[in-house]
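Engineer:
Residue numbers (my numbering): 147 to 309.
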């Protein structure tokens, strides 16, 4: 955030369903090629799986249909890139961040386990960090309990306006 702000004053941040502290180097070219070769392009006509449906029950059928279509239309390179690209080390940033930051996670997150979010949270300045854990929620809180997420955002951002 601070490296790419171009003079913009960031008053608050919200990190949802994330928390890797240490960085990751980009995969070596051989491994990247292996992953790219193994990855199948999504079928735009593939039906939604029951697991996917369960993670998005908070959304209307129309929005779920549009979201599924968008996901299916993602270029294969995006999916591969997320798995082989470099991820910056957040340790120094976390320890020096002076921006109020809200961490939101589901306690059943199957993609970024809660302990990873809490590890990053623990590295932030106690005066700047805030945490909201949603019980029984997986990796997509905004799709499972959108009203709760929206209310949490509003409450956090209102509190930041008072400061």
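Even glycine gets a Cβ: it sits at the ideal position worked out from N, Cα and C. Please read these numbers as outputs of a predicted model, since none were measured by experiment.
To which residues of the same chain is residue 157 closer than 7 Å at the C-beta, ignoring the five residues directly before and after it?
Structural biologist: Taken in chain order, the residues that qualify are 306.
Engineer: Assuming residue 290 contacts residue 201 under a Cβ cut-off of 8 Å, what Cβ separation, rounded to an integer in Å, is found between them?
Structural biologist: That pair is a contact at about 6 Å.
Engineer: For residue 156, which of helix, strand or coil comes out of DSSP?
Structural biologist: Residue 156: coil per DSSP, three-state reduction.
Engineer: So within the stretch 214-288, which uninterrupted alpha helix (DSSP H) runs reach at least 4 residues, ignoring any that extend past its ends?
Structural biologist: Whole alpha helix (DSSP H) segments, 4+ residues: 222-230, 237-242, 260-269.
Engineer: Hey, how far is the Cα of residue 294 from the Cα of residue 175?
Structural biologist: Their backbone Cα atoms lie some 42 Å apart in a straight line.
Engineer: So is residue 241 buried or exposed if we call it buried at 16+ other beta carbons inside 10 Å?
Structural biologist: With fewer than 16 Cβ atoms within 10 Å of its Cβ, residue 241 is classed as exposed.
Engineer: Rounded to the nearest angstrom, what separates residue 207 and residue 163 at their Cα positions?
Structural biologist: Between residue 207 and residue 163, the C-alpha separation is close to 23 Å.
Engineer: May I have the straight-line CA-CA distance separating residue 247 from residue 198, to the nearest angstrom?
Structural biologist: Approximately 29 Å, taken between the alpha carbons.
Engineer: What are the boundary residues of the alpha helix (DSSP H) that includes residue 295?
Structural biologist: Taken as a continuous stretch (DSSP letters only), the alpha helix (DSSP H) holding residue 295 covers 292-308.
Engineer: Who are the near neighbours of residue 292 in its chain, counting only those whose CB is closer than 6 Å to its CB and skipping five residues on each side?
Structural biologist: For residue 292, where only same-chain residues beyond five positions count, the Cβ hits under 6 Å are 204.
Engineer: For the alpha helix (DSSP H) containing residue 314, list its first residue and its last residue.
Structural biologist: It is not possible to answer for residue 314, since the shown part of the chain is limited to 147 through 309.
Engineer: Where does residue 161 fall in DSSP's three states?
Structural biologist: Three-state DSSP puts residue 161 in a strand.
Engineer: For residue 199, report the span of its alpha helix (DSSP H) as first-last.
Structural biologist: Its alpha helix (DSSP H) spans residues 196-201.
Engineer: Just how far apart, CA to CA, sit residue 255 and residue 308?
Structural biologist: Those two C-alpha atoms are separated by around 32 Å.
Engineer: Less than 8 Å between the beta carbons of residue 278 and residue 257, yes or no?
Structural biologist: Their beta carbons are not under 8 Å apart, which means residue 278 does not touch residue 257 by this criterion.
Engineer: From the DSSP output, in three-state form, read off residue 171 for me.
Structural biologist: In this structure, residue 171 counts as coil in the three-state DSSP scheme.
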